[in-house]
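Below is one structure, written out as structure tokens; comments come after it.
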Amino acid sequence: MHERSLVQNLLKQVRQIVAEQGGGCVSEICVQAGDLSGVEPLLFAAAFEEMVPAVFSEECQLKLDLVPVTAVCAHCQHEFEVLDFQFHCPECQSGSVDVIQGDDLQLISITLEPKDSHEGVSA
Amino acid sequence: MSQQTIIVKRDVQAEQKADAEVERVRLGRRGTLVVNLLSSPGSGKTSLLEETARHFAGRRSMAVLVGDLETDRDAQRLAPLVPVAQLTTGGACHLELPLVQRGLTALGDPAVDFLFIENVGNLVCPASHDLAEHLRVVLISTTEGDDKPGKYPKMFRTSQAMLITKLDLLPHVPFSVEAVTADAQRIQSALQVFACCSLTGSGIQEWCDFLEEQHQLQLAAYHEPAGNR
Numbered sequence: 001m002h003e004r005s006l007v008q009n010l011l012k013q014v015r016q017i018v019a020e021q022g023g024g025c026v027s028e029i030c031v032q033a034g035d036l037s038g039v040e041p042l043l044f045a046a047a048f049e050e051m052v053p054a055v056f057s058e059e060c061q062l063k064l065d066l067v068p069v070t071a072v073c074a075h076c077q078h079e080f081e082v083l084d085f086q087f088h089c090p091e092c093q094s095g096s097v098d099v100i101q102g103d104d105l106q107l108i109s110i111t112l113e114p115k116d117s118h119e120g121v122s123a
Numbered sequence: 001m002s003q004q005t006i007i008v009k010r011d012v013q014a015e016q017k018a019d020a021e022v023e024r025v026r027l028g029r030r031g032t033l034v035v036n037l038l039s040s041p042g043s044g045k046t047s048l049l050e051e052t053a054r055h056f057a058g059r060r061s062m063a064v065l066v067g068d069l070e071t072d073r074d075a076q077r078l079a080p081l082v083p084v085a086q087l088t089t090g091g092a093c094h095l096e097l098p099l100v101q102r103g104l105t106a107l108g109d110p111a112v113d114f115l116f117i118e119n120v121g122n123l124v125c126p127a128s129h130d131l132a133e134h135l136r137v138v139l140i141s142t143t144e145g146d147d148k149p150g151k152y153p154k155m156f157r158t159s160q161a162m163l164i165t166k167l168d169l170l171p172h173v174p175f176s177v178e179a180v181t182a183d184a185q186r187i188q189s190a191l192q193v194f195a196c197c198s199l200t201g202s203g204i205q206e207w208c209d210f211l212e213e214q215h216q217l218q219l220a221a222y223h224e225p226a227g228n229r
């Protein structure tokens with residue numbers, strides 16, 4: 001179960017960004033997990049709920065979007081969605097394909113509230 | 001101040017990946033090829049490393065970082081053959097770079113030809129963590145069944161080589177080398193496949209030849225003049 005380690009990295013990154021913004025109260029963190037990211041959504045959400053109060057507040061919500069794996073064929077440049085983890089171009093059958101989306105966990109956005117609206121939520 | 005949404009769009013592991021790249025370049029420049037070995041528990045990683053150490057003895061230098069949840073049993077097996085450091089995760093299912101760096105420090109940061117990382121036995125979590133390796137090798141033993149690549153796609157997608165182990169048991173188990181190879185190469189067409197048996201020594205020469213070839217190929221970029229990089 002490595003989701004805890006990923007949540008730890010996420011919260012560290014969010015804290016740095018909030019500090020760069022001059023502080024604020026984090027009300028929502030949006031992340032995108034690809035099918036090839038190795039993230040199990042339920043475990044990730046559970047780890048987030050457990051770990052977020054130590055950094056922000058229980059009111060800080062996680063929005064987790066799942067994205068399919070997409071790839072581009074190195075041979076014919078065709079872009080396609082990878083189904084059932086079969087990494088072959090449906091146009092030319094080449095196995096030489098590069099993943100362009102869906103192999104990582106991305107922090108998409110952070111929503112900051114005015115400091116006085118959520119007491120104790122600030123970074 | 002009103003509500004504000006800050007768009008980030010950044011890999012959550014960006015910092016860890018950048019740290020790993022720095023370490024990879026540092027080790028590569030001094031001639032150390034880092035090989036991350038990943039597999040299920042009991043697939044034969046330690047036996048493979050014992051045979052690899054015997055093969056390279058007196059010709060190539062190597063060191064091993066052994067990842068386990070508990071005990072230093074594997075490290076004890078390897079210690080008579082090569083410098084080895086135990087990385088005990090205390091229950092964590094995978095290794096991360098800071099632990100690997102701590103192990104390197106414990107070894108005295110030796111300038112060996114090959115640094116092997118024997119990852120924690122697990123086909124899931126270790127696939128998501130860059131340990132500064134130049135080469136990622138997944139082992140699958142004949143006793144595990146030939147359906148594993150499709151079940152653990154990320155592990156096979158992110159590896160450059162697959163080593164089929166315990167080949168001596170092939171006559172006794174329902175395992176097809178052709179089926180597992182086809183399954184894995186549907187996920188990663190460039191995956192290089194080897195088969196070996198550490199007990200009989202079969203395939204060890206080919207495996208070590210592959211390591212030699214990778215040492216030359218992968219580290220060549222680090223030997224170029226700085227202006228060409």
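As you go down the protein sequences, you meet chains A and B in turn.
The letter at position 43 of the first sequence is residue 43 when you use our numbering, and the numbering goes up by one with no holes.
The letter at position 40 of the second sequence is residue 40 when you use our numbering, and the numbering goes up by one with no holes.
By construction, the Cβ of each residue, glycine as well, lies at the ideal position given by its N, Cα and C atoms.
Quick caveat, the model's predicted, so the values are computed rather than measured.
Alpha-carbon spacing of residue i relative to residue j, whole angstroms
i, j, result
"B:Gln101", "B:Ser2", "44 Å"
"B:Leu199", "B:Phe116", "20 Å"
"A:Ile17", "A:Pro53", "18 Å"
"A:Gly95", "B:Ser189", "5 Å"
"B:Val112", "A:Cys76", "42 Å"
"A:Ser148", "B:Glu15", "With chain A running from 1 to 123 in the structure shown, residue 148 of chain A is simply not present."
"B:Leu69", "B:Ser43", "16 Å"
"B:Thr52", "B:Leu211", "10 Å"
"B:Thr89", "A:Ser5", "13 Å"
"B:Arg24", "B:His134", "7 Å"
"B:Leu97", "B:Ala20", "7 Å"
"B:Thr143", "B:Leu169", "7 Å"
"A:Glu28", "A:Gly22", "17 Å"
"A:Gly24", "A:Leu112", "6 Å"
"A:Arg15", "A:Phe56", "9 Å"
"B:Ala92", "B:Thr158", "21 Å"
"A:Glu78", "A:Phe87", "Residue identity differs from the one stated: residue 78 of chain A is His in this sequence, not Glu. Cα to Cα, A:His78 sits roughly 12 Å from A:Phe87."
"A:Pro90", "A:Glu81", "9 Å"
"B:Ala221", "B:Gln214", "12 Å"
"B:Ala182", "B:Leu78", "33 Å"
"A:Ala74", "B:Cys196", "32 Å"
"B:Asp209", "B:Arg59", "13 Å"
"B:Asp11", "B:Ala18", "11 Å"
"A:Gln10", "A:Ala33", "The identity of residue 10 of chain A in the sequence shown is Leu, whereas the question assumes Gln. Near 12 Å, if we compare the C-alpha coordinates of A:Ala33 and A:Leu10."
"A:Asp84", "A:His2", "23 Å"
"B:Gly201", "A:Val99", "37 Å"
"A:Glu20", "A:Gln13", "11 Å"
Supposed contact pair residue j and residue i - C-beta distance, whole angstroms, cut 8 Å
i, j, result
"B:Val180", "B:Leu37", "No, B:Val180 and B:Leu37 are not in contact; Cβ-Cβ is about 17 Å, not under 8 Å."
"B:Met288", "B:Val193", "The first residue shown for chain B is 1 and the last is 229, placing residue 288 of chain B beyond what the model contains."
"A:Leu36", "A:Val69", "5 Å"
"B:Val82", "B:Glu118", "Actually they are not in contact, since the Cβ atoms of B:Val82 and B:Glu118 sit about 11 Å apart, beyond 8 Å."
"B:Leu87", "B:Leu99", "5 Å"
"A:Leu64", "A:Ala45", "6 Å"
"A:Val31", "A:Val72", "Actually they are not in contact, since the Cβ atoms of A:Val31 and A:Val72 sit about 24 Å apart, beyond 8 Å."
"A:Met51", "A:Gln101", "That pair is no contact at about 27 Å."
Residue from the options whose Cα sits closest to the Cα of residue i
i, options, result
"B:Val66", "B:Ser198, B:Lys45 and B:Glu133", "B:Lys45"
"B:Glu50", "B:Ser39, B:Ser40, B:Pro41 and B:Met62", "B:Met62"
"B:Gln216", "B:Arg29, B:Gly201 and B:Ile204", "B:Arg29"
"B:Leu33", "B:Ser47, B:Ala132 and B:Ala195", "B:Ala132"
"B:Lys154", "B:Gly145, B:Ile164, B:Pro126 and B:Asp147", "B:Pro126"
"B:Gly57", "B:Pro41, B:Pro80 and B:Gln76", "Residue identity differs from the one stated: residue 57 of chain B is Ala in this sequence, not Gly. Here the closest residue by C-alpha is B:Pro80."
"B:Ile140", "B:Arg59, B:Gln160, B:Thr165 and B:Gln4", "B:Thr165"
"B:Asp147", "B:Gln13, B:Ser176, B:Gly31 and B:Gln218", "B:Ser176"
"B:Val35", "B:Ile7, B:Gln4, B:Phe114 and B:Gly108", "B:Phe114"
"B:Gln205", "B:His55, B:Val8 and B:Ile6", "B:His55"
"B:Thr5", "A:Val99, A:Val26, A:Gln13 and A:Ala19", "A:Val26"
"B:Ile187", "B:Ile7, B:Lys151 and B:Val8", "B:Lys151"
Exposed unless 16 or more other CB atoms sit within 10 angstroms - verdict on residue i
i, result
"B:Arg73", "exposed"
"B:Asp130", "buried"
"A:Gly127", "No answer is possible for residue 127 of chain A: it lies beyond the span of chain A, which begins at 1 and ends at 123."
"B:Arg26", "exposed"
"B:Pro110", "exposed"
"A:Cys60", "buried"
"B:Gly121", "buried"
"B:His223", "exposed"
"A:Leu42", "exposed"
"B:Leu95", "buried"
"B:Pro279", "In the structure as shown, chain B begins at 1 and stops at 229. Residue 279 of chain B is therefore absent and cannot be evaluated."
"A:Asp104", "buried"
"B:Leu48", "buried"
"B:Val22", "exposed"
"B:Pro149", "buried"
"B:Ser39", "buried"
"B:Gly230", "Absent from the model: residue 230 of chain B. The displayed extent of chain B is 1 to 229, so no value can be given."
"B:Val84", "buried"
"A:Gln93", "exposed"
(request) With 8 Å as the limit, tell me which residues of the stretch 161-195 of chain B have their beta carbon closer than that to any beta carbon of chain A; keep them in chain order. (result) Residues of the stretch 161-195 of chain B with a C-beta less than 8 Å from any C-beta of chain A: Gln185, Arg186, Ile187, Gln188, Ser189 and Ala190, listed in chain order.
(request) Determine which residues of the stretch 42-53 of chain A have a Cβ less than 8 Å from any Cβ of chain B, and write them out in chain order. (result) Taking 8 Å as the Cβ-Cβ cut-off against chain B, none of the residues of the stretch 42-53 of chain A qualify.
(message) For the stretch 99-125 of chain B, list every residue whose C-beta sits within 8 Å of some C-beta in chain A, in sequence order.
(response) Taking 8 Å as the Cβ-Cβ cut-off against chain A, the residues of the stretch 99-125 of chain B that qualify are Val124 and Cys125.
(request) Identify each residue in the stretch 131-165 of chain B for which the Cβ-Cβ distance to at least one residue of chain A is less than 8 Å, and report them in chain order. (result) Cβ contacts with chain A come from Gly150, Pro153, Lys154 and Arg157.
(request) Below 9 Å between beta carbons is the criterion; list the residues of the stretch 88-108 of chain A that meet it against any residue of chain B, in chain order. (result) Result list: His88, Ser94, Gly95, Ser96, Val97, Val99, Asp103, Asp104, Leu105, Gln106, Leu107 and Ile108.
(request) Could you name the residues of the stretch 25-41 of chain B whose beta carbon sits closer than 8 Å to any beta carbon of chain A, in the order they occur along the chain? (result) Taking 8 Å as the Cβ-Cβ cut-off, the stretch 25-41 of chain B has no residue approaching chain A.
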